[in-house]
Each structure stands twice: as C-alpha cells, then as structure tokens.
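In UniProt numbering, the protein residues as written are 1 to 283. The C-beta atom is built at its ideal place from N, Cα and C for all residues, glycine as well.
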Amino acid sequence: MAIASFRTPPALTDRGEDVKKLTGNTRKKPLVIKIGGAILNQASALNALLAVISRLKDQAVVLVHGGGCVVDDRLEQAGFTTEKKNGLRVTPKAQIPVISGALAGNVNKSIVAQAAGLNIPAVGLSLCDGDMVACRLAAPELGAVGKPLPRSSKLLDTLLLGRFLPVIASIGALDNGELVNVNADDAAVVICQLLNAELLLLTDVNGVKDAQNQYLKTLNSCQAGQLIEQGVIAGGMTAKVNAALKAANQLRRSIAVASWQSPEQIIHLLNGDGAGTRIQPDS
Ligand SMILES: Nc1ncnc2c1ncn2[C@@H]1O[C@H](COP(=O)(O)OP(=O)(O)OP(=O)(O)O)[C@@H](O)[C@H]1O
Ligand SMILES: [Mg+2]
1 MAIASFRTPP
11 ALTDRGEDVK
21 KLTGNTRKKP
31 LVIKIGGAIL
41 NQASALNALL
51 AVISRLKDQA
61 VVLVHGGGCV
71 VDDRLEQAGF
81 TTEKKNGLRV
91 TPKAQIPVIS
101 GALAGNVNKS
111 IVAQAAGLNI
121 PAVGLSLCDG
131 DMVACRLAAP
141 ELGAVGKPLP
151 RSSKLLDTLL
161 LGRFLPVIAS
171 IGALDNGELV
181 NVNADDAAVV
191 ICQLLNAELL
201 LLTDVNGVKD
211 AQNQYLKTLN
221 SCQAGQLIEQ
231 GVIAGGMTAK
241 VNAALKAANQ
251 LRRSIAVASW
261 QSPEQIIHLL
271 NGDGAGTRIQ
281 PDS
C-alpha cells in the first residue's frame, strides 16, 4: 500500500538516474516540503523546521511556500478586501503587485535569510524562474490565478546537484509575461511532478478533520468529496486536499498532510508513520 512507498520508492525516472550518475551518489529521491499558514509569521517554528531539513543529509529537499496570512495582512494594509472561492484567493490584477511582493519578495527572502543563518545554502525562486513551470489562467472568475504545469527541471536539478536548498514562492507567470498567483499546494504538486519527488504538505493543523472534529488517519477521494460537500473540509483545506489527491493519483502513492509544529515528525512521516492524514490514490 501507498505508505510502504515512503520506505521503498519506485524506480527513479531516467532523469533521476542521470542526476544519480552525475553525482555518483545514492541519495534518495528528492523531497518537496510545502509550508504555509502561521509558520511564516513564527521565526522560531520556521527555524526548527529548517534545522530538521539541514539534518536530512541523504535527501535533497525543495521548500515550496504559501503565505496566505501574510498576504491577507498586506492586502488589508493596502486597502484591498479579500474574497476566496473554494479556498482559492480571488486575485484581481490590481492586487498582484502586493501579493507577488509579499510572497516572492518578503516571505521568500526571509526564509532564505533564516536558512542562511543555519548555514543552509538556500536559493529563493518563483515558479517562473528557469522556465520551471508554465501557467494558464485557472478560471475566469478567479482573476489572476494560475494553473501550473510542469515545464523544465533543469534549474532545480542543477541546484540540487550543487546541494542548494531551493525555496520556491507560489508566484508564476502566463506565457504573455503577466504574473499570476498560484495556490501554494498546487505549486508544490507541480514541483513534485517535475522532480518525481516525495511530497509533504505541512500546515497549521495536524491533518484533515472529520465531522466529529477528529483527525483522519487516511482519506480517499470518495470520502473527501463527501466531506467537502458537507462543508466539513472547507477553506484552504479544500484546495489542499484536492491538490494532494491529484498528486497521490499521479505519483501512485499516499501524500501526507501534517503539521509543521513538530518538525521532528518529518523523519517519521518519511518512514511511513507519524501523525497526520495520508491522502490516498484511487485504487
Ligand atoms: N476538515 C478540516 N480539517 C482541518 N483543517 C481544516 C478543515 N477544514 C478547513 N480547515 C482549515 O484549513 C486550514 C489550512 O489551510 P490554509 O490554506 O489556511 O493553510 P496553508 O495552506 O497551510 O497555508 P497557505 O494557504 O498560506 O499556503 C486549517 O488551518 C483549518 O483552519
Ligand atoms: Mg492554503
């Protein structure tokens, strides 16, 4: 079952084999960790997570971040109101300078600087750097929100070979050069596809809760559909669960949604145990 795949990853892709040959090492497949929520306002929690990442010596890590709470504050300060549909931020074009400035600027550079303080050589990027990810408009009613599509892993391969920690903000670009806001869970999934990587979605809560307010150990697409319809899964968790289901089906393994609050559990999650909800692929 999917949990076992965390212990025994499927065969590397051809590109993965190339990376392995180039480095001559036996490192595991890369790990994409998505962080969001209040961790971006809590330096000590971010520091603890980065310290755990720095100890993952035999596994390349890519950090993808959101920053919804920071964006909410900045938009309010700038006099904008915020509307969300199914957990996705409706993004009028006029808000893009504030949103991209907050995510690809302040939040991204703060993470890189904090990593540098722990001697982690981090590199701050957005989805459009190095032609990594293409974006189309997600839906007309959402405004400047991008649906990300994988394009080139060359930049990330190069950075990972050099043992850098890529830190990616969820800002992308359309082919006409306009910036778009991308849900950070979707951004993490596309980076994961690009690298055929493992994926952890770390958030403010310990996983997905059911109607009794209990954390679910596992969640499949059928249960998820019902819980979303009942409004039990709502807001940002809707977007997260949908992104995790997509990744689970594409990668044919379960995807963990867990909390960043006890970062030491990352090791357990990678070993197939630990807290959190595992979103399962369709059988
Ligand atoms: N059934 C549910 N179980 C758990 N959390 C839920 C559920 N339904 C809604 N939520 C909310 O979803 C939130 C997580 O999504 P949110 O988008 O706020 O965070 P994030 O994706 O980690 O951060 P960011 O959007 O900044 O990347 C939780 O903090 C919780 O308030
Ligand atoms: Mg979110």
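Compare the Cα-Cα distances from T260 to each of L216, E229, L245 and L200 and report the closest residue.
By 1-based counting over the sequence shown, the position of residue 260 is 260. Correcting the residue type first, residue 260 is Trp in the shown sequence and not Thr. Of L216, E229, L245 and L200, the residue nearest in Cα terms is L200.
Where does G79 fall in DSSP's three states?
One-based indexing of the sequence shown puts residue 79 at position 79. Three-state DSSP puts G79 in coil, outside helix and strand.
Please say whether T81 and D72 have beta carbons closer to each other than 8 Å?
Along the sequence shown, one-based indexing puts residue 72 at 72. Along the sequence shown, one-based indexing puts residue 81 at 81. Cβ distance not < 8 Å, so D72 and T81 don't count as in contact.
Distance between beta carbons of A258 and G272, contact taken as under 8 Å
Within the sequence shown, the letter at position 272 stands for residue 272. Within the sequence shown, the letter at position 258 stands for residue 258. 13 Å between Cβ atoms; not a contact.
Neighbour-count burial assignment, S152, 16 or more Cβ in a 10 Å radius:
As a position in the sequence shown, residue 152 is number 152, starting the count at 1. By the 10 Å Cβ count, S152 comes out exposed.
Does DSSP classify P92 as helix, strand or coil?
Working through the sequence shown from its first residue, we reach residue 92 at position 92. P92: coil per DSSP, three-state reduction.
Is it the case that the Cβ atoms of P279 and A248 are separated by a distance below 8 Å?
On the sequence shown, position 279 is the one that residue 279 refers to. On the sequence shown, position 248 is the one that residue 248 refers to. The sequence given here places Ile at residue 279; Pro does not occur at that position. Yes, they are a contact pair.
As assigned by DSSP and simplified to three states, the class of N181
For the purposes of this step, residue 181 is taken as residue 181 along the sequence shown, with counting starting at 1. It is a strand residue.
For the beta strand (DSSP E) holding I35, just list the boundary residues, first then last.
Residue mapping note: residue 35 aligns to position 35 of the sequence shown, counting from 1. K28 to I35 is the span of the beta strand (DSSP E), which, as asked, contains I35.
Excluding the 5 residues preceding and the 5 following N220 in the sequence, name in chain order all residues of the same chain whose CB lies nearer than 6 Å to its CB.
By one-based count along the sequence shown, residue 220 stands at place 220. When the five nearest sequence neighbours on each side are left out, the beta carbons in the same chain lying within less than 6 Å of the beta carbon of N220 are those of Q280, in order along the chain.
Would the C-beta of D185 count as close to ligand 2, meaning under 7 Å from any of its heavy atoms?
Start at 1 with the first residue of the sequence shown, and residue 185 comes out as number 185. For ligand 2, at least one heavy atom lies less than 7 Å from the Cβ of D185.
Starting from L63, trace the beta strand (DSSP E) both ways and give me its first and last residue.
Here residue 63 corresponds to residue number 63 of the sequence shown, with the count starting at 1. Per DSSP, L63 is one residue of the beta strand (DSSP E) stretching across Q59 to H65.
Counting only the same chain and skipping the five closest in sequence on each side, list residues whose C-beta sits under 6 Å from that of H268.
Mapped onto the sequence shown, residue 268 falls at position 268. For H268, where only same-chain residues beyond five positions count, the Cβ hits under 6 Å are G274.
Terminal residues of the continuous alpha helix (DSSP H) containing V167?
To locate residue 167, count along the sequence shown from 1; it is residue 167. Counting along the chain, V167 falls outside any alpha helix (DSSP H), though it belongs to the beta strand (DSSP E) covering L165 to A169.
Would the beta-carbon of V133 fall within 8 Å of that of V190?
Locating residue 133 in the sequence shown gives position 133, where the first residue counts as 1. Locating residue 190 in the sequence shown gives position 190, where the first residue counts as 1. Cβ atoms of V133 and V190: closer than 8 Å.
Run through the region 220-254 for me and flag every whole alpha helix (DSSP H) of 4 or more residues, listed as ranges in chain order.
221-229 and 235-251
From S254, A115 and V241, residue whose alpha carbon lies closest to that of L50
What you label residue 50 is simply residue 50 of the sequence shown in a count that begins at 1. Cα-wise, what sits closest to L50 is A115.
Determine whether the beta carbon atoms of L165 and P121 lie at a separation below 8 Å.
Taking the first residue of the sequence shown as 1, we reach residue 165 at position 165. Taking the first residue of the sequence shown as 1, we reach residue 121 at position 121. For L165 and P121, yes; Cβs fall inside 8 Å.
Are the beta-carbon atoms belonging to I35 and L63 less than 8 Å from one another?
For this step, residue 35 is matched to residue 35 along the sequence shown. For this step, residue 63 is matched to residue 63 along the sequence shown. Taking 8 Å as the Cβ cut-off, I35 and L63 qualify as a contacting pair.
For ligand 1, any of its heavy atoms closer than 7 Å to the Cβ of V62?
Stepping through the sequence shown from its first residue, residue 62 is reached at position 62. No, ligand 1 has no heavy atom inside 7 Å of this Cβ.
The alpha helix (DSSP H) enclosing S44, as first and last residue numbers:
Taking the first residue of the sequence shown as position 1, residue 44 is located at position 44. A43 to S54 is the extent of the alpha helix (DSSP H) around S44.
Tell me whether K209, by its Cβ, gets closer than 7 Å to a heavy atom of ligand 1.
Within the sequence shown, numbered from 1, the residue matching residue 209 stands at position 209. Under cutoff, so the answer is yes.
On the DSSP letters alone, give me the boundaries of the beta strand (DSSP E) that I120 sits inside.
As a working note, residue 120 is residue 120 in the sequence shown. First-last for I120: undefined, no H or E at that position.
Would you tell me roughly how many angstroms separate the C-alpha atoms of G225 and G117, rounded to the nearest one?
The sequence position of residue 225 within the sequence shown is 225, counting from 1. The sequence position of residue 117 within the sequence shown is 117, counting from 1. Between G225 and G117, the C-alpha separation is close to 43 Å.
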